[in-house]
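Engineer: Submitted below is the structure of interest, expressed as structure tokens.
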Amino acid sequence: MYEFPDAASSGNLSVKLKLTQRGRDRPYLTRDQIKAANRVTELSRIYRDQYPKGLPHNGLGVKYCKYMVRTMAFLPDDRRERWLERNGAWMDATTRGYLLRLGPHWYSPRSLGESLELYDEDRERLEAWTIKAFDVSDEEREVINQEKNRQAQERRRRKSGAKPQAHSERRTKPWEPMGISESTYRRRKRKNRDSISSRPLPLSLQLFLLFLRLPNQLLCRLFNWLLPRLFRFLLGHCVLAFHSANACNY
């Protein structure tokens, strides 16, 4: 929480503002500025998608520029003039001056979506989450979000190893083809699982697990004792093989 110093003209009035750091050597942003930055990015994607060759040189293009300029007015670094030079160079100086004199304004998601004629398909594809699609009502959006949340939860369950309900034993009923009751099937299944879990491990695996449980100091001593002897054993075999190969050549 950052507290601005009291201004002489405002008496004892103090302003507290919650700021967020964007990264090293970047200015802090308030919550409204972060929302405005996200909307600027979304508007840029929408403009490029609707007009790949640039905004139209008419009143519609001026209206699109106004949406962008008034949203960018929330940001701490004023980039409106540079954006107009790049995207609205065809406008006259009077119109550009009028747009630059406009203050910040937050357009409602519904009105902005209707003005841009943003369809829900384009909204999903361009990820314009701060703007509402004009062809989907709030009630339909709630149903769509519920379905998306359900699908996301289902993907998380599948990722964690859960099986679909259609493939569950309660739905498939594998005991019916076997001609037994459900209780008998589950009792046999539990018995088989217990017998598998209680089956003794192979001797080699038991020795390996016992070897892993040894203390680190004992393992170091064992390696120090074993490695020189293993090296001498391999070296002796290599020498014998070399002498036997020379004897065969002669």
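The opening position of the sequence shown corresponds to residue 7 in my numbering, with each subsequent residue numbered one higher.
We put the beta carbon where it would ideally sit given N, CA and C, even for glycine.
Between Tyr113 and Tyr57, how many whole angstroms is the CB-CB distance? I'm expecting something under 8 Å.
Structural biologist: The Cβ separation is near 19 Å, so there is no contact.
Engineer: Around the C-beta of Lys59, are 16 or more other C-beta atoms found within 10 angstroms, so that it is buried, or is it exposed?
Structural biologist: exposed
Engineer: Report the residue from Asp141, Met78 and Val68 whose alpha carbon sits nearest the alpha carbon of Gly94.
Structural biologist: Val68
Engineer: How close, in whole Å, do the beta carbons of Ala134 and Thr77 come, if the pair is a contact with beta carbons under 8 Å?
Structural biologist: At roughly 13 Å, the Cβ-Cβ gap does not stay under 8 Å, so Ala134 and Thr77 are not in contact.
Engineer: Taking DSSP as the reference, what is the three-state secondary structure of Phe239?
Structural biologist: Per DSSP, reduced to three states, the secondary structure at Phe239 is helical.
Engineer: Between Leu240 and Ala251, what straight-line distance do the alpha-carbon atoms span, to the nearest angstrom?
Structural biologist: 17 Å
Engineer: Measuring only the C-alpha atoms, how far is Glu148 from Arg92?
Structural biologist: 38 Å
Engineer: Would you report the Cα separation of Arg269 and Gln152, rounded to the nearest angstrom?
Structural biologist: Lying outside 7 to 256, the shown extent of the chain, residue 269 is not represented and no answer is given.
Engineer: Is it buried or exposed for Lys195, if we count other Cβ within 10 angstroms and need 16 for buried?
Structural biologist: exposed
Engineer: To the nearest angstrom, how far is the alpha carbon of Pro11 from that of Arg116?
Structural biologist: Residue placement at Pro11 cannot be trusted, given a pLDDT of 40 that sits under 50; what the coordinates show is reported in the next sentence. Rounded to whole angstroms, Pro11 to Arg116 spans 38 Å at the Cα level.
Engineer: Ignore the nearest five residues each way along the sequence and tell me which others in Leu236's own chain have a CB closer than 8 Å to its CB.
Structural biologist: none
Engineer: So within the segment 63 to 140, which uninterrupted alpha helix (DSSP H) runs reach at least 4 residues, ignoring any that extend past its ends?
Structural biologist: For the alpha helix (DSSP H) assignment, the uninterrupted runs of no fewer than 4 residues enclosed by the segment 63 to 140 are, from N- to C-terminal side, 65 to 78, 86 to 93, 99 to 107, 115 to 122 and 126 to 132.
Engineer: Quick check on Ala43: does DSSP put it in helix, strand or coil?
Structural biologist: Correct three-state label for Ala43: helix.
Engineer: Could you tell me the distance, in whole angstroms, from the CA atom of Ile137 to the CA atom of Pro82?
Structural biologist: 22 Å
Engineer: If you reduce the DSSP assignment to three classes, tell me which class Val142 lands in.
Structural biologist: If DSSP states are grouped into helix, strand and coil, Val142 belongs with coil.
Engineer: Would you report the Cα separation of Leu23 and Leu118, rounded to the nearest angstrom?
Structural biologist: Low confidence applies to Leu23: its pLDDT is 47, below 50, so where it sits in the model is not reliable enough to give any reading.
Engineer: Report the CB separation of Leu105 from Val75 in whole angstroms; it is logged as a contact under 8 Å.
Structural biologist: 5 Å
Engineer: Verify whether the separation of the beta carbon atoms of Asp128 and Asp55 is less than 8 Å.
Structural biologist: Their beta carbons are under 8 Å apart, which means Asp128 touches Asp55 by this criterion.
Engineer: Could you tell me the alpha carbon to alpha carbon distance between Leu35 and Ala139, rounded to whole angstroms?
Structural biologist: 27 Å
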